[in-house]
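Reviewing the structure listed below.
Residue numbers (the UniProt record's numbering): 1 to 297.
Written as structure tokens, this is what we have:
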């Protein structure tokens with residue numbers, strides 16, 4: 001079966017223009033990098049003695065950043081698991097045929113999507129204790145991340161489920177499947193593959209939003225870097241400020257890249273999953289009209 005062409009292939013002139021634009025763009029990027037490095041070198045920011053503070057155990061910086069990284073990953077891991085589970089439940093509830101389940105789910109989603117995450121964290125940490133509910137900084141930060149991101153993930157799940165062709169749902173019902181079986185065996189396996197990139201992007205946002213913990217005194221990675229800057233500034237001025245913030249930023253970048261790579265690996269595995277592929281083929285075969293082949297011979 002031939003693949004439909006969605007765009008015209010570039011001709012010789014278009015390829016030449018693309019090649020020239022690529023070279024010019026690459027040179028501009030290299031020029032910007034060279035300029036930044038030149039300015040940093042002129043200010044002494046590239047001095048190896050300044051960067052050694054990040055690797056010398058005697059300074060306590062590697063240990064402090066390591067502990068902050070563990071606390072950041074703890075918040076992110078708990079938040080990702082709970083937000084994903086709650087978001088899936090909310091999405092299923094919003095798609096329910098029962099009003100008593102659909103309306104509360106929709107209200108929850110719209111309410112927490114409309115409120116800024118920082119306000120949710122403030123409310124959990126500062127308002128709840130006034131009603132006798134003491135809550136730690138870890139619980140307030142995690143709770144805020146879960147409530148906000150669950151509402152966003154719920155819409156991602158709902159959009160992914162609705163993107164599956166309606167005929168597959170009807171075909172599954174025609175085969176005698178119950179509604180729960182249709183959701184778990186036919187719709188979700190295909191929907192998850194489609195929405196995996198968006199899902200991972202939102203989980204990366206959750207990880208980065210954990211830096212809001214510094215507002216309520218939770219010593220995650222950014223708050224720890226700020227604390228180290230405040231510790232070194234009275235003794236050495238701003239000598240290590242740039243290095244400490246760069247270290248925190250690089251750690252965030254490495255974690256996000258690793259998370260993206262894990263998502264790509266999972267996506268490849270799900271594409272090779274025979275059970276998932278078989279489910280799609282069965283649904284497509286059942287959907288095909290009588291006398292029409294389900295696929296190429």
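Yeah, the Cβ is synthetic: ideal placement off N, Cα and C, and Gly gets one too.
Cβ-based burial, residue i [other Cβ within 10 Å; buried from 16]
i	result
residue 58	exposed
residue 148	buried
residue 275	In this prediction, residue 275 has a pLDDT of 49, which is less than 50 and means its spatial position is unreliable; nothing more can be read from the coordinates.
residue 20	exposed
residue 36	exposed
residue 10	exposed
residue 12	exposed
residue 124	buried
residue 105	buried
residue 112	buried
residue 26	exposed
residue 151	buried
residue 241	buried
residue 90	buried
residue 16	exposed
residue 218	buried
residue 261	exposed
residue 18	exposed
residue 109	buried
residue 186	buried
residue 30	exposed
residue 53	buried
residue 247	buried
residue 214	buried
residue 99	exposed
residue 175	exposed
residue 235	exposed
Among the options, nearest to residue i - alpha-carbon criterion
i	options	result
residue 66	264, 251, 269, 262	251
residue 188	137, 196, 141, 161	161
residue 72	221, 244, 31, 231	221
residue 138	53, 216, 236	216
residue 84	206, 193, 31, 101	206
residue 120	102, 99, 146, 107	146
residue 144	259, 40, 82, 234	82
residue 212	54, 18, 64, 117	117
residue 64	235, 225, 263, 234	225
residue 68	258, 254, 185, 227	227
residue 193	60, 268, 53	268
residue 61	186, 245, 102	245
residue 249	258, 265, 208	208
Backbone CA spacing between residue i and residue j [nearest angstrom]
i	j	result
residue 198	residue 14	32 Å
residue 153	residue 50	42 Å
residue 229	residue 56	16 Å
residue 78	residue 210	11 Å
residue 135	residue 200	29 Å
residue 243	residue 141	27 Å
residue 190	residue 23	40 Å
residue 32	residue 88	44 Å
residue 232	residue 238	8 Å
residue 76	residue 38	37 Å
residue 171	residue 70	48 Å
residue 46	residue 40	6 Å
residue 133	residue 167	49 Å
residue 173	residue 184	13 Å
residue 43	residue 266	44 Å
residue 284	residue 163	Only weak support is given to the placement of residue 284: the predicted model assigns it a pLDDT of 45, under 50, and the value that follows is read from those uncertain coordinates. Residue 284 and residue 163: Cα-Cα distance of roughly 15 Å.
residue 351	residue 101	Outside the shown range of the chain (1 to 297) lies residue 351, about which nothing can therefore be said.
residue 86	residue 103	16 Å
residue 195	residue 48	44 Å
Does the stretch 179 to 192 touch the stretch 118 to 129, meaning 3 or more C-beta pairs lie closer than 8 Å? no
Would the stretch 157 to 171 count as touching the stretch 85 to 95 if we require 3 or more Cβ pairs under 8 Å? yes
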